[in-house]
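Please read the structure below before turning to the comments.
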Amino acid sequence: MYYTSAFGFWEALCSYLTLPKPYKSMKSCFPFSVILTSACSKKQEVNKQSSINLLNIPGVIVLFFQVTIYKTIVEATYSGASNYLSFTFQTSPSTLGIVYSVWSAGYLLVCPLVPLLVNKGFIYSPILIAWVIAAPLYMLAGPSPLLEFLFNGQKYFLLTVITITISIFLAGIQLIPSFQAAINLAAVNGHEKDSMQTYGAVTGTLNSAIALGSLIGPVFGGAITQVSDFTWTLTSLAGFSLPVVTVISVYLLSMKLLKLPLKPIVGEDVKIENGEKEKLLSESTDEE
Numbered sequence: 178m179y180y181t182s183a184f185g186f187w188e189a190l191c192s193y194l195t196l197p198k199p200y201k202s203m204k205s206c207f208p209f210s211v212i213l214t215s216a217c218s219k220k221q222e223v224n225k226q227s228s229i230n231l232l233n234i235p236g237v238i239v240l241f242f243q244v245t246i247y248k249t250i251v252e253a254t255y256s257g258a259s260n261y262l263s264f265t266f267q268t269s270p271s272t273l274g275i276v277y278s279v280w281s282a283g284y285l286l287v288c289p290l291v292p293l294l295v296n297k298g299f300i301y302s303p304i305l306i307a308w309v310i311a312a313p314l315y316m317l318a319g320p321s322p323l324l325e326f327l328f329n330g331q332k333y334f335l336l337t338v339i340t341i342t343i344s345i346f347l348a349g350i351q352l353i354p355s356f357q358a359a360i361n362l363a364a365v366n367g368h369e370k371d372s373m374q375t376y377g378a379v380t381g382t383l384n385s386a387i388a389l390g391s392l393i394g395p396v397f398g399g400a401i402t403q404v405s406d407f408t409w410t411l412t413s414l415a416g417f418s419l420p421v422v423t424v425i426s427v428y429l430l431s432m433k434l435l436k437l438p439l440k441p442i443v444g445e446d447v448k449i450e451n452g453e454k455e456k457l458l459s460e461s462t463d464e465e
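Residue numbering for the sequence shown follows the numbering used here, beginning at 178 and increasing consecutively.
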């Protein structure tokens with residue numbers, strides 16, 4: 178429990194430090210997310226836009242699903258890793274503390290690099306690549322009983338620690354671009370592009386997905402481990418990559434075939450702003 182709580186603290190700190198400024202003020206736990214999104218929806222009732230409408234957008238549903246699975250995997254891994262390392266390799270508490278510190282530090286170091294990719298326009302491709310790489314990592318972390326023909330029942334401490342460390346590096350890539358992707362989709366579907374209401378709605382929605390994953394992860398991981406062992410838990414977590422990659426790929430392909438935008442077109446925003454200025458000038462001229 179101590180190690181899981183410690184990682185949760187580092188994850189919250191990393192998320193706060195690496196998200197853009199509008200997100201920072203909105204970063205919250207699940208109850209506050211619900212309150213925040215409700216407040217935003219009241220402010221947007223006039224324009225028939227609310228945070229609830231975000232879940233009417235197929236892409237936001239896909240992102241909600243992706244973030245929920247991401248957090249489920251993270252929580253299932255860290256809730257069972259300490260016991261697995263302790264009983265399998267007789268790892269001391271001090272060594273476990275070092276291992277969890279390395280994992281947290283890895284997350285802390287990688288997260289600041291992710292916004293650089295997002296700012297260059299790479300949003301969905303890093304997410305997909307991270308999920309594809311994560312699957313074999315979780316298979317090797319145990320290693321999986323399905324790989325018995327390769328390992329002959331042998332388990333290796335360094336293999337487990339290194340593969341989980343790399344999976345943590347990928348965790349930030351799976352999560353952070355989802356916020357920008359959701360904001361882009363909200364803007365395309367009628368929400369204001371640069372408004373606190375939109376930021377609040379998006380952050381609240383995805384934070385709710387994080388809270389849901391935090392609830393499911395330990396329960397799922399504990400149930401699988403109790404029935405079999407932690408290696409099967411890691412194997413099942415590796416299998417989660419398949420539906421996530423499939424859903425995201427099908428969504429992106431359908432958007433491309435239907436020629437629907439994933440983000441606002443900059444040129445159109447400029448035209449709208451110029452049009453509004455011309456309208457204001459014409460109104461002021463008429464009044465004179």
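A virtual CB, placed ideally from N, CA and C, is assigned to each residue, including glycine. All figures in this text were calculated on a predicted structure; none of them were measured in a lab.
Outcome for residue i when other beta-carbon atoms lying within 10 angstroms are tallied against a minimum of 16
i	result
Ser385	buried
Phe326	exposed
Ser431	exposed
Leu290	exposed
Leu323	exposed
Pro270	exposed
Lys248	buried
Gln403	exposed
Thr410	buried
Leu314	buried
Leu437	exposed
Gly367	exposed
Val427	exposed
Ile401	buried
Gln467	The first residue shown for the chain is 178 and the last is 465, placing residue 467 beyond what the model contains.
Gly298	exposed
Gln319	Contrary to the premise, residue 319 reads as Gly rather than Gln in this sequence. So Gly319 ends up on the buried side.
Phe346	buried
Ile442	exposed
Leu383	buried
Leu120	Lying outside 178 to 465, the shown extent of the chain, residue 120 is not represented and no answer is given.
Ser321	buried
Leu317	buried
Leu240	buried
For residue i, three-class secondary structure by DSSP
i	result
Glu139	Here the chain has residues from 178 to 465 only, and residue 139 is not among them.
Ile442	coil
Leu435	coil
Lys248	helix
Gln267	coil
Ser278	helix
Gly257	helix
Thr405	As written in the sequence, residue 405 is Ser, which differs from the Thr given in the question. In this structure, Ser405 counts as coil in the three-state DSSP scheme.
Ile425	helix
Phe299	coil
Phe417	coil
Gly319	coil
Phe242	helix
Ile234	coil
Whole alpha helix (DSSP H) elements within the segment 328-399, 4-residue minimum: 334-365
Three or more beta-carbon pairs under 8 Å between the segment 365-376 and the segment 270-280, yes or no? no
For the segment 239-248 and the segment 348-363, state whether three or more C-beta atom pairs, one from each stretch, are separated by less than 8 Å. yes
Any contact of the segment 384-398 with the segment 249-266, i.e. 3+ C-beta pairs under 8 Å? yes
Quick check: the segment 409-425 against the segment 302-315, are there 3 or more CB pairs under 8 Å? yes
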